[in-house]
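In numbering that gives the first Met the number 0, the protein residues as written are 0 to 390.
Here a beta-carbon is modelled for each residue, glycine too, at the ideal position from N, C-alpha and C.
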Amino acid sequence: MHTTVCIIGGGPAGLLLARLLHTSGLDCVVLERRERAYVEQRQRAGILEQSTVDVLRASGAGERLDREGMVHDGIELRFDRRTHRIDLPSLTDGRRVWVYAQTEVVKDLIALQLDDGPPLLFEAPVHAVEGIDGTRPTVRYTHGGREQTLTCDYVVGCDGFHGIARNLIPESAKRTFERTYPYSWLGVLADVPPSCDELIYAHSPRGFALHSMRSPTVSRLYLQVPNGASPADWPDERIWDELDARLAIDGDWTLNRGPITAKAVLPMRSSVTEPMRYGRVFLAGDCAHIVPPTGAKGLNLAVSDVTALARAFTHLRNTGSTDLLDAYSDTCLRRVWRAEHFSYLMTTTLHTDPRQSPFDSRLQLSQLDRIASSPHAAAELAENYAGLDIG
Ligand code: RFL
Ligand code: PHB
């Protein structure tokens, strides 16, 4: 079998790339290691930037998003038992964000793909790619209990942080920049209406907390926990008590409690691999870069990578020029590093590092107070959060 673009990984990056290539008349195949139900249920992101929503709509995946997605015009920052609202449209040029879960984006893209899209194979792990220095790489994968091969013109790694694509680039040709954080997140889903209209990011001496949502009846909540913590350390009552303590303000506010339906501990990491291309292999999404989720940027970066890549493949097909493909890595890395910096800043300002000194704590409060009192400081946060026009 031969295809123009072989996409490794059927997460949001791989599925959307396939959709964009298909709408431009380019053929591709998506190989996904896991089964469909697993991919559709993996709990992850919740916030989509305007540009992400625009691309999803243009790809045909906007119908349910427009019906069920919740448009948010602001976020709340809580610290020092105070609350401060960041109004996104007035601090940017009218930008807002959407609350629409990654699970739903993935379900919508899979449904489109299986309907009339290019081939998407589940339970098809890729284990090797040969000939990436030549013009016709060969991809080796397993499917239906048999070893299979696929030749292609290009390979795109959309296989996430634990995939194989990044390792196809020889050590001598790449550089990886990394940071780990001295805390993790405990993420929970609860069958209870959200206690707020907009997301709340809370800094407290007890650690960070985030109140998000999935629908008018389902809340999504996160707590900073020590690295190595286990969901077993966190019975439901303890989670609600801790959320209550960290989200508390002087003034009226009540946290709604309800049945917790899922709990997981997530590490916090930053990582960037440069360049995002080697020979006929391109990297997109989490396989090239990850950010701690505090800035809500991971999924949005993945969407912006594959949008640039689809444009570059279309340009090659239309004009014969590889200009945009050659510029792909530099184009994306500019946005990636901006998002890395913003995510780092949000993370280190809002979390409590177990090793931090009282001096560090005062600096955090001063920074938060600055955001709350200066429209310039607030605009810097708002522009990054709602999404910048780069690349
Ligand atoms: P994914 O989603 O990890 O998908 C990769 C896919 O590749 C498959 N795969 C393979 N397939 C074939 N052969 C192999 N050898 C393979 N190896 C792996 C995997 O099974 C998988 O299906 O990467 P992708 O597509 O790049 O998408 C990235 C996003 O998932 C990620 O950036 C976001 O979830 C990050 N993120 C958030 N991003 C936002 O923009 N806004 C948010 O609000 C937000 N919240 C979050 C987040 C991530 C979180 N976690 C779990 C770290 C909240 C959390 C808690
Ligand atoms: C989420 O709803 O899962 C979510 C929202 C905002 C973040 C991270 C996660 O910064």
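Closest residue to aspartate 232 among His202, Val264, Thr216 and Ala208 (Cα-Cα distance)
Val264
Supposed contact pair alanine 295 and arginine 245 - C-beta distance, whole angstroms, cut 8 angstroms:
19 angstroms between Cβ atoms; not a contact.
Taking 5 angstroms as the limit, tell me which residues put their C-beta closer than that to any heavy atom of the ligand PHB, in chain order.
Gly45, Ile46, Ser211, Arg219, Pro292 and Ala295
With a 10 Å radius around its C-beta and 16 neighbouring C-beta atoms as the bar for buried, classify asparagine 317 as buried or exposed.
exposed
Please list the segments of the alpha helix (DSSP H) lying wholly inside the stretch 291 to 333, counting only runs of 4 or more residues, in order along the chain.
297 to 318
Taking the alpha-carbon positions, what's the alanine 311 to leucine 323 distance?
5 angstroms
Which residue or residues does DSSP assign as beta-bridge partners of cysteine 151?
Note: cysteine 151 sits in a beta bridge opposite Thr2.
Between which two residues does the alpha helix (DSSP H) harbouring phenylalanine 358 extend?
357 to 372
The stretch 19 to 30 touching the stretch 178 to 186, judged by at least three CB pairs closer than 8 angstroms:
no
Report the option in Asp329, Ile163, Thr321 and Thr306 whose CA atom is closest to the CA atom of glutamate 273.
Asp329
Cα-Cα separation, proline 124 to alanine 385
35 angstroms
Return yes when the Cβ of valine 335 is within less than 7 angstroms of the Cβ of valine 54, no when it is not.
no
Which residue wins for smallest C-alpha separation from threonine 412, given the options Tyr343, Asp190 and Asp235?
A query on residue 412 cannot be resolved here, the shown segment of the chain reaching from 0 to 390 and no further.
Just tell me which of Leu242, Ala57 and Leu308 has its CA closest to the CA of arginine 77.
Leu242
Helix, strand or coil at aspartate 86 [DSSP, three-state]:
strand
Beta carbon of serine 183, beta carbon of proline 234: below 7 angstroms?
no
Examine the ligand RFL and report whether any of its heavy atoms sits within less than 6 angstroms of the Cβ of cysteine 27.
Relative to the ligand RFL, even the nearest heavy atom lies 6 angstroms or more away from the CB of cysteine 27.
Between valine 271 and the ligand RFL, is the CB less than 6 angstroms from at least one heavy atom?
no
Among Trp252, Ser203, Ile199 and Gly186, nearest to proline 230 - alpha-carbon criterion
Gly186
Is the stretch 125 to 138 close to the stretch 40 to 49, with three or more CB pairs under 8 angstroms?
no
Simplified DSSP assignment, three categories, for alanine 201:
strand
Minimum length 4: unbroken alpha helix (DSSP H) runs contained in the stretch 16 to 57
35 to 40 and 49 to 57
Between the alpha carbons of lysine 173 and aspartate 325, how many angstroms are there, rounded?
16 angstroms
Cβ of valine 38 within 6 angstroms of any heavy atom in the ligand RFL?
yes
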